[in-house]
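Counting in this note's numbering, the sequence shown runs from 1198 upward without gaps.
Don't be surprised by glycine CBs; every beta carbon is placed ideally from N, CA and C.
Data first, discussion second: the structure below is written as structure tokens.
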Amino acid sequence: MKKHALALAVIGACGLVPQAFAHELAFSKKDNIKVEVPGEAATWCKPEVELTITRPAWDNPDMLSGLLNKLPFVFAKDCSTAKVSWKAVDGKGALYASGAGNASNLGLMNLAAAPAASTAPAPQQTETPAPSSAPAPAEAPAPAATPAPAEAPAPAVAAAPTPAAKPEPAAVPTPAPAPEPAPAPAVAPKAAGAAVTAAPTSDYGRSVVLKNSKLMQITDAAGCKWVLNSTIISEGDTLTFGTTPAMPCPASGFGAGNFEKISWKAEGTYRGNDWNRIYVHPSALMFSKRYEAAVKDKSVSYLTAEADQVALLVGEIPDRNMKVYLAFARPTYGAVGPFLADPYYVGVTPDDAFALDPAKYKETALQAFDLIKNASPSTTDVADLLIVKDLSAISNRIWGNDDQKIVRNRIGMGRQGLYFDVRNGTNWAQQREKQRVREARNRQQQLAWEHTRVLERYQQLQERMGEFKGRETEALAQMAGIKVRFPSPLQQQDPTSSQNVTPMMVHVTGKKGEFYTVDYPGEGRLLAEQQYPEGWYVAQVANATPYYPLEDGRAIPTYRAYSAGEPKACEQERCADRVSYGAVLAKEFPNAGIDSNWTPEVSQQFVNDWKNASAQVQ
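Below, the structure is given as structure tokens:
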């Protein structure tokens, strides 16, 4: 039984009781699990050990995972250098899971193929045609389970890749005493959470544009307004502005439409420019004419402070709480002109959990691109995809603060079809998660080290308690910084002692005049504004003895109590419920998170958690 001493301490926590046979390492009566290893009591430890873990039926991989985390402590005692392979089987010998590792880490759990129940045939009614004895009405469509193309949603709605394409299954006719006419086919409703194309606002986002301090309005000779960069002219300059062809001003009062050329010049200077083939958006921003189809039915949602990047809303994906935008950038040097460069794609969502799972990351990116492809077919080339928590993050999409960024990658239609690879690009969410895990692990390591010291100090305190037999509570109180004795008469008469407030254990026995009488830590008085019924207290007090006259030629120890609220009496004599090892250790180890309810098991758990986490990482 010597080899089972550690197994009893560690595996016992999960209900495993070591047995007397060496080849049977452990057995759980509660969970009906048996752990076996070939060999005899003195020979089972070999360079390579094969474990067999048996249970009549496995229905929960967490149970097996928990066991695998505990078994390394068995090997650490008697077989710490072995290579270990293991398998978990049911009562019939069928393999449930397997794995391989070493004595300190039994490796990953690889589940076997799904049980036969998972391959059971589908319900027969979905495959069996309706009996000929049950005639169907002529108007009932035959392929009811497959939606016809004519029943697809309107072009303004882009369906999600997989969920939206899966219609509700239609009921197949079954024999009935009296045949009932099948209902007429109905158009399948739009799937919940499907991508939705956004409709433009009434001003196409012009209000967003006009708020920008980097832009200014000018009025041409025909009285039509235009928005240009405010740096193109200086104070006192005269600006000439013209368009080809000349077009009447829209009802909004702002120029809009297609122009072969837009010209401006600051008279008497070399500053001026001609912009060819320009589309002026209803928001008053200018774009290259080749992007007219992409932007004309979309509203400006955001314009950076430097007016160098603009985002136009494409639509949203409700089930992902995501909005999707087309974004354009332009250089800021010199006179800022129209947006001429290719757009990039932006997704905005407050939830970055998808970026931690490659499969969900890919699914989210493809769903966002599908929305762009359906709503803006002319802009599907490979371009940057930037997913952020807030739209303002596009102002520093290349450099700057990354707190609001989630991922940046490349996506689009290339020569060989759709291009996207989750392994490329930058995943800020994953970087933040790794940092969080590192910090949590460092904190766990720090706490384990701290609580190791706590346990060592606790052992020292227990050994010292032998010196205070019968006075353990007073000894612990003193160690916790609580006074259990009055100072000497000379110290009590020192006026400077009244400047310090310290905790003191007192026993209130009654009230006499304005004072509460106490008999512990000695005969004395307590002065307080709050009520102190008879009982034991740990009170914050300051010496007030020098300020009260002598009685019968001697000073009466007098203390003033301070309390933030109503004082609460201790539940046990000499405040044994408040004075504990936890109170002492909390004072000595303020960063360990210890309170008066501390027990050695609390600290031991921190140490064990760190050991288990380290074993899993290895």
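- By the criterion of a C-beta distance shorter than 6 Å, SER1485 is surrounded in its chain by LEU1537, once the five residues flanking it on both sides are discounted.
- In the three-state scheme derived from DSSP, where H, G and I count as helix and E and B as strand, PRO1515 is classed as helix.
- Going by beta carbons, VAL1507 and LEU1523 fall outside the 7 Å limit.
- Looking at the DSSP output, MET1483 shares a beta bridge with VAL1477.
- In the three-state reduction of the DSSP assignment, GLY1622 falls in the coil class, being assigned neither a helical nor a strand state.
- One Cα belongs to GLY1614, the other to GLU1630, and the distance between them is close to 33 Å.
- Taking all protein chains shown into account, VAL1405 has 16 or more neighbouring C-beta atoms within 10 Å of its C-beta and is therefore buried.
- In the DSSP assignment, VAL1715 falls within the beta strand (DSSP E) that extends over 1712-1717.
- For ILE1250, same chain residues with a beta-carbon under 6 Å away, outside a window of 5 residues either side, are VAL1232, ALA1285 in chain order.
- Annotated as distal: ALA1273 and VAL1246, with beta-carbon spacing of 7 Å or more.
- A direct Cα-to-Cα measurement between ASP1287 and ARG1252 gives close to 5 Å.
- Here the region 1489-1498 makes no contact with the region 1430-1448; the two share fewer than three CB pairs at distances below 8 Å.
- Remark: three or more beta-carbon pairs, one from each stretch, lie closer than 8 Å, so the region 1661-1676 and the region 1770-1783 are flagged as touching.
- Taken through DSSP and simplified to helix, strand or coil, ASP1581 comes out as strand.
- Secondary structure of VAL1651 (DSSP, three-state): helix.
- The continuous stretches of beta strand (DSSP E) do not include ILE1569, which lies in the alpha helix (DSSP H) extending over residues 1555-1572.
- Secondary structure within the region 1427-1475: not one fully enclosed alpha helix (DSSP H) run of 4 or more consecutive residues is present.
- In the DSSP assignment, the residues bridged to ALA1508 are TYR1499, ALA1524.
- Exclusion of the five residues before and after TRP1596 leaves no residue of its chain whose Cβ lies closer than 7 Å to its Cβ.
- Beyond the five residues adjoining it in sequence on each side, SER1793 comes within less than 7 Å, by CB distance, of ARG1775, SER1777, GLY1779, ALA1780 in the same chain, given in chain order.
- Excluding its 5 nearest sequence neighbours in each direction, SER1694 has C-beta neighbours in its own chain below 6 Å: ASN1740, listed in chain order.
- At a Cβ-Cβ threshold of 7 Å, ASP1599 and TRP1625 count as neighbours.
- Rounded to the nearest whole angstrom, the C-alpha separation of ALA1418 and PHE1456 is 17 Å.
- Looking at ALA1752, GLU1664, GLY1732, the one whose alpha-carbon comes closest to that of PRO1684 is ALA1752.
- Put simply, the backbone Cα of TYR1541 is about 55 Å away from that of LEU1248.
- Closest in C-alpha terms to LEU1509, from the list ASN1426, GLN1628, ALA1572, comes ALA1572.
- ALA1550 has its alpha-carbon roughly 47 Å from the corresponding atom of ASN1470.
- Looking at the DSSP output, GLY1721 shares a beta bridge with VAL1715.
- Here ASN1606 is not near ASN1593, since their CB atoms are 7 Å or more apart.
- Residue pairing by DSSP leaves THR1796 without any beta bridge partner.
- Here the alpha carbons of PRO1479 and SER1410 stand approximately 19 Å from one another.
- DSSP places GLY1402 in no beta strand (DSSP E); its state is neither H nor E.
- Apart from sequence neighbours up to five positions away, the residues of its chain that approach THR1441 with a beta-carbon distance below 6 Å are GLU1457, LYS1458, ordered along the chain.
- One thing to note: VAL1533 has its Cβ within 7 Å of the Cβ of ASN1426.
- Under DSSP, the beta-bridge partners assigned to PRO1700 are GLN1737.
- The Cβ atoms of GLN1642 and TRP1807 sit closer than 7 Å to each other.
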